[in-house]
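Sequential numbering of the sequence shown, starting at 19, is according to the numbering used here. We put the beta carbon where it would ideally sit given N, CA and C, even for glycine.
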Amino acid sequence: MFAAKDNDMNATKNFILEKSFGLFLQKGYNGVSIRNIQEETRLSKGAIYHHFQGKEEIFAKAMDLFFFPALRSFHYSDDETNTPLKNALNEAIEHRKGHIDKLREMTDFKVDDFYFFKLAFQVEEFYPDFKSKVENTFSEEENEWREVLQMAVQKGEIRKNTDIDLTLSLLMLIPRGLGLSMAFSSGISTDSLKEIYEKFYRTLKE
Numbered sequence: 019m020f021a022a023k024d025n026d027m028n029a030t031k032n033f034i035l036e037k038s039f040g041l042f043l044q045k046g047y048n049g050v051s052i053r054n055i056q057e058e059t060r061l062s063k064g065a066i067y068h069h070f071q072g073k074e075e076i077f078a079k080a081m082d083l084f085f086f087p088a089l090r091s092f093h094y095s096d097d098e099t100n101t102p103l104k105n106a107l108n109e110a111i112e113h114r115k116g117h118i119d120k121l122r123e124m125t126d127f128k129v130d131d132f133y134f135f136k137l138a139f140q141v142e143e144f145y146p147d148f149k150s151k152v153e154n155t156f157s158e159e160e161n162e163w164r165e166v167l168q169m170a171v172q173k174g175e176i177r178k179n180t181d182i183d184l185t186l187s188l189l190m191l192i193p194r195g196l197g198l199s200m201a202f203s204s205g206i207s208t209d210s211l212k213e214i215y216e217k218f219y220r221t222l223k224e
């Protein structure tokens, strides 16, 4: 009985966070009020405050759940393959596609990278300890890419003389640089990312 109640509470909290994130993505922090969240969720103010102390907490929790995970290119755990880098690049594309699909499910408007990068400046301003959070997020991803690259060298997938540090920097920059570029042009696309990854991968094997 208590487990079912806890599950219902968690489902309601996640529902509020999901709807709120869509609002923050579209309108920014200052453009969203508790009343807007009420209207979007069709919940009473009391129901919202039962789960959260206010807009500030809702914003922070929503960013933890949806914004910061989207900053990462991928999560990788397969060390049994003979092509760890190729697999990791494919996984990175699927990881990004999954976040794009999720963002589109959560919003009633045509979401693109512009809204995500615009939100990033809001998160920097209103999220507690933003810099430390971002540094930790990127550090975790860098460590994973480094492990993948080292495995790729050891297994002969890429050249033995590959500059790991330079390659690592490029792997971190490609999706973010492409995303920023597309934010002001054609919008979200995993096809462009896939094409760049494939060309980059070939240069490491030649």
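- DSSP places residue 79 in the uninterrupted alpha helix (DSSP H) bounded by 73 to 80.
- In the DSSP assignment, residue 107 falls within the alpha helix (DSSP H) that extends over 102 to 124.
- Contact between residue 85 and residue 141 holds, with the beta-carbon distance rounding to 6 Å and staying under 8 Å.
- Comparing alpha carbon positions, the residue from 78, 72 and 119 closest to residue 51 is 72.
- For residue 155, the three-state secondary structure derived from DSSP is helix.
- The continuous stretches of alpha helix (DSSP H) do not include residue 61, and DSSP gives it neither H nor E.
- Residue 99: not part of any alpha helix (DSSP H); DSSP gives it neither H nor E.
- With 16 or more neighbouring CB atoms inside 10 Å of its own CB, residue 145 falls in the buried class.
- Its Cα nearest to that of residue 98, the residue 165 stands out among 165, 39, 158 and 192.
- With contact defined as three or more Cβ pairs closer than 8 Å, the region 111 to 122 and the region 146 to 154 are not in contact.
- Exposed is the label assigned to residue 67, since fewer than 16 other Cβ atoms lie within 10 Å of its Cβ.
- Under the 8 Å Cβ criterion, the region 103 to 114 does not count as touching the region 56 to 66, having fewer than three qualifying pairs.
- Less than 7 Å separates the beta-carbon of residue 37 from that of residue 58.
- Per DSSP, reduced to three states, the secondary structure at residue 173 is coil, with no helix or strand assignment.
- Taking the Cβ atoms as the reference, residue 125 lies roughly 4 Å from residue 40, within the contact range of under 8 Å.
- Contact annotation: residue 170 and residue 103 have beta-carbon atoms nearer than 7 Å.
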